[in-house]
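Engineer:
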Amino acid sequence: MSVSLYDVSLPALTLGLTNLSAILDKAAAHADAKKLDPKVLPDARLIADMFPLKRQVQIACDTAKGAAARLAGIEIPKHEDNESTLAELKSRIAVTLAFISSVKAEQVNAGDSREVVLKFPSVTLKFTGRDYVSKFVLPNFYFHITAAYAILRKNGVDVGKNDYLGQIQ
18 MSVSLYDVSL
28 PALTLGLTNL
38 SAILDKAAAH
48 ADAKKLDPKV
58 LPDARLIADM
68 FPLKRQVQIA
78 CDTAKGAAAR
88 LAGIEIPKHE
98 DNESTLAELK
108 SRIAVTLAFI
118 SSVKAEQVNA
128 GDSREVVLKF
138 PSVTLKFTGR
148 DYVSKFVLPN
158 FYFHITAAYA
168 ILRKNGVDVG
178 KNDYLGQIQ
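Using the numbering used here, you'd call the opening residue of the sequence shown number 18 and step up by one each time.
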């Protein structure tokens, strides 16, 4: 039995974003209990030269929606990247999850050998759909999800490995 491109991509991205949303619920409860300004946690960083929580969430969402769209050969939805509260970040995740759920397995699987080109200021990366998922999407996605988790942990939010992994069965 072979594993499809869809099987190794969108369900994992969906689970990660769903878990991140639940972690943000815990962050909101923590902020309320500690009477923190609503913008403190979204602006929190692990270290000065790393992105803050809000950017980590935005990039995780962008990676997920970009993967779904590029693999399916459809337009990537645009977001303004203007979220500044935990509630707005949760909304960003919800919109991303809704988009991902609209993409069909057949669309994603058709992108297995499709060329995916990513242009960055200093480099252009070219992949097949499968390599894009395994060499860029999943490592990048999990990096930003983990950074978001670590930022919240560092700031006293009571989250652990089970929150990160979520409902895996």
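Even for Gly, the Cβ is constructed at its ideal location relative to N, Cα and C.
(1) Quick one: grab the DSSP three-state call for residue 133.
(2) Select from 104, 89, 52 and 178 the residue whose C-alpha is nearest the C-alpha of residue 70.
(3) Looking only at C-alpha atoms, which of 185, 177 and 164 sits nearest to residue 64?
(4) What are the boundary residues of the beta strand (DSSP E) that residue 142 is part of?
(5) Would you call the stretch 75-87 in contact with the stretch 112-120, where contact means no fewer than 3 C-beta pairs closer than 8 Å?
(6) Tell me which same chain residues have a C-beta within less than 6 Å of the C-beta of residue 174, skipping the five on either side of it?
(7) So, at 7 Å on beta carbons, what are the nonlocal neighbours of residue 157 in its own chain, with the 5 sequence-adjacent residues on each side left out?
(8) I need the DSSP call for residue 118, collapsed to helix, strand or coil.
(9) To the nearest angstrom, how far is the alpha carbon of residue 177 from that of residue 111?
(10) Once you ignore the five residues that flank residue 106 on each side, which residues in its own chain have a CB closer than 7 Å to its CB?
(11) Look at the alpha carbon of residue 155 and the alpha carbon of residue 137, and state the distance between them as a whole number of angstroms.
(12) Closest to residue 89 by CA distance: which of 130, 98, 57 and 62 is it?
Structural biologist: The structure says:
(1) strand
(2) 104
(3) 164
(4) Where residue 142 is concerned, the enclosing beta strand (DSSP E) stretches over 141-145.
(5) yes
(6) Scanning its chain for C-beta atoms nearer than 6 Å, with the 5 sequence neighbours on each side dropped, one finds around residue 174 the residues 43, 44 and 47, in chain order.
(7) Within the same chain, 80 come within 7 Å of residue 157 by CB-CB distance, once the 5 residues on both sides are set aside.
(8) helix
(9) 22 Å
(10) 41, 59, 71, 74 and 100
(11) 18 Å
(12) 130
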